[in-house]
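Just below is one structure, and these are the notes that go with it.
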Amino acid sequence: LKGKSLMVTAGPTREPFDMVRFFSNYSSGKMGFAIAEEARRRGAEVTLISGPTFLEPPPGVRFYSVETCLDMREKVMEQFEKVDAVIMAAAVSDFRPANFFRKKIKKEENERLNVELVKNPDILQELGKIKGEKILVGFCAESDKLLERAKEKLRRKNLDLIVANNIREEGAGFEVDTNKVFLVDSEGNVTPLPLMSKKEVAAEILNYLKKILDKKGKR
1419 LKGKSLMVTA
1429 GPTREPFDMV
1439 RFFSNYSSGK
1449 MGFAIAEEAR
1459 RRGAEVTLIS
1469 GPTFLEPPPG
1479 VRFYSVETCL
1489 DMREKVMEQF
1499 EKVDAVIMAA
1509 AVSDFRPANF
1519 FRKKIKKEEN
1529 ERLNVELVKN
1539 PDILQELGKI
1549 KGEKILVGFC
1559 AESDKLLERA
1569 KEKLRRKNLD
1579 LIVANNIREE
1589 GAGFEVDTNK
1599 VFLVDSEGNV
1609 TPLPLMSKKE
1619 VAAEILNYLK
1629 KILDKKGKR
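Position in the sequence shown counted from 1, then plus 1418, gives you the working numbering.
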């Protein structure tokens, strides 16, 4: 990947609704960080944009820490023109609270609390509309109809590759060090991978990305 510039997103986002509480998810950031580390090892210039995690950024990558979906969107859009490919491994919150309370909400004052949520922008879908010759790789974590939903997302978001995993499967998904995924490309090819470490999955994703980059380079 020498001479290529790559942007990787990782981790969860946090969507605050008062001074101490937020909505988030179980993403650890391990998959995105593994991809960034392996891409850098292969000689790519890597920008890593991550939500809150407990991980140390890999050496040699340009690192940006963000909190919310809107923060991540701003940083991704700012860096997008500078890269050849984007791997969107972050688990970005689909929704955020419509209102932020500038205090701690007291449980003594509320027997029941209703929080209105509004939809967050779909960063990857936005990139798909302006991608030009750039390569876009997305992730799809589902509990059922995995390949059907992965193919639909790939088409709707104008992606080159989507990495799909079933979060019901043991050893796959959030917080663990392993993953079991399918790689689905824009030509309809489906490559199932066995259960392996996230570092090994990162290598497989980057092997596939290299093939796509080489194919585009020959056009």
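Every residue, glycine too, gets a C-beta built ideally from N, C-alpha and C.
For phenylalanine 1600, the enclosing beta strand (DSSP E) stretches over residues 1599 to 1603.
Aspartate 1578 sits buried, since 16 or more C-beta atoms from the chains shown fall within 10 Å of its C-beta. In the structure shown, the three-state DSSP call for valine 1536 is strand. Contact check for asparagine 1597 against asparagine 1583 passes: the beta carbons are separated by less than 8 Å.
The beta carbons of lysine 1537 and glycine 1556 sit no closer together than 8 Å. In the structure shown, arginine 1573 falls within a helical segment according to DSSP collapsed to helix, strand and coil.
With a cutoff of 8 Å on beta-carbon distance, glutamate 1587 and arginine 1514 are scored as not near each other. When the five nearest sequence neighbours on each side are left out, the beta carbons in the same chain lying within less than 8 Å of the beta carbon of glycine 1450 are those of Val1426, Thr1427, Ala1428, Gly1429, Leu1466, Ser1468, Ile1505, Ala1507 and Ala1508, in order along the chain. For methionine 1490, the enclosing alpha helix (DSSP H) has its first and last residue at 1487 to 1498. Under a 10 Å Cβ-count criterion, arginine 1491 is classified as buried, with 16 or more other Cβ atoms of the shown protein chains found around its own Cβ.
For aspartate 1489, the closest alpha carbon among the candidates Pro1470, Gly1478 and Glu1474 is that of Pro1470. Straight-line spacing of the CA atoms in glutamate 1463 and phenylalanine 1441 works out to 32 Å. In this structure, alanine 1452 and alanine 1620 form a Cβ contact; the two beta carbons are roughly 4 Å apart against a cut-off of 8 Å.
When Leu1613, Asn1607, Ala1457 and Tyr1444 are compared, the shortest CA-CA separation from leucine 1419 is found for Ala1457.
Distances from the alpha-carbon of arginine 1574 to those of Ser1604, Val1594 and Asn1517 put Ser1604 closest. In the three-state scheme derived from DSSP, where H, G and I count as helix and E and B as strand, alanine 1507 is classed as coil.
The straight-line gap separating the alpha-carbon atoms of lysine 1522 and arginine 1530 is approximately 15 Å. For leucine 1631, the closest alpha carbon among the candidates Val1438, Lys1563 and Ala1503 is that of Ala1503.
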